[in-house]
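Student:
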Amino acid sequence: MLRTPDGVRIDAAHLPGDGDLGIVLAHGFTGTWRSPANRRIAAAFARHAGVIAFDFRGHGRSSGLSTVGDLEVLDLDAAVRHARAHYARVATVGFSMGAAVAIRHAALNRGVDAVVSVSGPARWYYRGTRPMRTVHWAIERRSGRLAARLAKRTRIKVGTWDPIPLAPHEAAPLVSPAPLLIVHGDSDAFFPLEHAEQLHACANEPKELWVEPGFGHAENAASAHLIRRIEEWIFARTKSPQASST
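Sequence positions in the sequence shown follow the working numbering and run 129 to 374.
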């Protein structure tokens with residue numbers, strides 16, 4: 129159990145690694161590190177690195193209320209600080225909402241050696257797809273918040289952001305000098321490819337954009353092959369001695 133500076137208890141798991149690299153996983157909205165998809169990804173990374181997986185505030189067994197990407201930066205920072213106590217190098221891998229948080233965290237807090245954004249949005253308030261209109265219903269309507277609580281164990285804070293947090297595309301150029309990998313599928317039903325392209329265009333070097341054919345959205349769609357390629361990228365960009373073994 130981790131604790132944020134504003135007193136939120138964060139449910140987390142640490143899969144220890146023998147090397148000097150720790151990977152912190154940040155799940156998507158209404159997700160949890162305990163889901164089969166996230167457990168599978170954590171186990172895959174844990175073959176060659178230490179892994180810290182956690183539930184954002186308002187999700188799963190963590191306390192507090194979800195702010196849908198704003199104060200979640202504090203949650204990720206608590207996990208990164210825990211990773212720093214055990215590993216010389218730390219990378220963050222975020223999915224969907226977690227991708228936006230990972231980019232904002234690297235921009236605002238620094239302290240990571242590499243960032244991977246998978247299926248992340250470039251800007252806030254996007255409603256251009258049916259799944260995202262459903263997400264906004266869950267956030268903005270009382271009936272939607274109740275449905276999210278009952279069906280997904282996600283407790284959402286009532287009200288709007290004040291102030292509006294730095295948008296991912298605004299934060300992207302501030303991630304440098306840490307390398308940034310942006311991964312997006314051409315079959316993403318939530319955020320079209322233009323989001324990834326905007327993030328990549330705004331980011332400074334070092335940066336990479338992978339457009340994955342047939343890849344859908346976030347954790348549930350990520351194949352074992354994609355996760356292995358992400359792991360190899362992290363080892364190479366953080367110059368971990370174990371990079372040659374992956």
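Using N, Cα and C, we set each Cβ at its ideal position, and we do this for glycine too. These numbers come from a predicted model, not from an experiment.
Please work out which residues of its chain come closer than 8 Å, Cβ to Cβ, to Tyr254, disregarding the five sequence neighbours upstream and downstream, and give them in chain order.
Tutor: So the qualifying residues of the chain are Met260, Phe319 and His323.
Student: Spell out the partners DSSP gives Gly313 in its beta bridges.
Tutor: Gly313 is bridged to Glu340.
Student: Does the separation of the CB atoms of Phe182 and Glu347 fall below 8 Å?
Tutor: Contact flag unset, no.
Student: Quick one: residues in its chain with C-beta nearer than 8 Å to the C-beta of Asp198, no 5 flanking neighbours on either side, listed in chain order?
Tutor: So the list reads Trp289 and Pro293, once near-sequence residues are dropped.
Student: Do three or more CB pairs link the segment 274-288 to the segment 297-315 at distances below 8 Å?
Tutor: As far as the Cβ criterion goes, the segment 274-288 does not touch the segment 297-315, which means the pair count is below three.
Student: Looking only at C-alpha atoms, which of Ala331, Arg258, Ala329 and Gly248 sits nearest to Phe157?
Tutor: It is Gly248 whose Cα lies nearest to the Cα of Phe157.
Student: Please state if the CB of Phe343 and the CB of Leu354 are separated by a distance shorter than 8 Å.
Tutor: Yes, the Cβ-Cβ distance between Leu354 and Phe343 is below 8 Å.
Student: Just how far apart, CA to CA, sit His155 and Gly226?
Tutor: Approximately 5 Å between the Cα atoms of the pair.
Student: State the Cα-Cα distance for the pair Thr262 and Pro296, rounded to the nearest angstrom.
Tutor: Taking the straight line from one Cα to the other gives about 21 Å.
Student: Please confirm whether Thr366 and Ala230 have their CB atoms less than 8 Å apart.
Tutor: Cβ distance not < 8 Å, so Thr366 and Ala230 don't count as in contact.
Student: Give the range of the beta strand (DSSP E) segment to which Leu149 is assigned.
Tutor: Leu149 -> beta strand (DSSP E) spans Leu149 to Ala154.
Student: Give a yes or no on whether the C-beta atoms belonging to Ile180 and Ala207 are separated by under 8 Å.
Tutor: Contact: yes.
Student: In the DSSP assignment, find the unbroken alpha helix (DSSP H) run with Ser271 in it and report its ends.
Tutor: Element bounds for Ser271: Arg270 to Lys280.
Student: What three-state label does DSSP hand Pro292 in the structure shown?
Tutor: In the sequence as presented, Pro is not what sits at residue 292; that position holds Ile. Coil at Ile292, not helix or strand.
Student: Taking only three categories from DSSP, how would you classify His142?
Tutor: Reduced to three states, the DSSP call for His142 is strand.
Student: By a C-beta neighbour count over all protein chains shown, 10 Å radius and 16 as the cutoff for buried, is Asn166 buried or exposed?
Tutor: Its Cβ being crowded by 16 or more others within 10 Å, Asn166 is buried.
Student: To which residues does DSSP link Arg137 through a beta bridge?
Tutor: Paired residues: Arg131.
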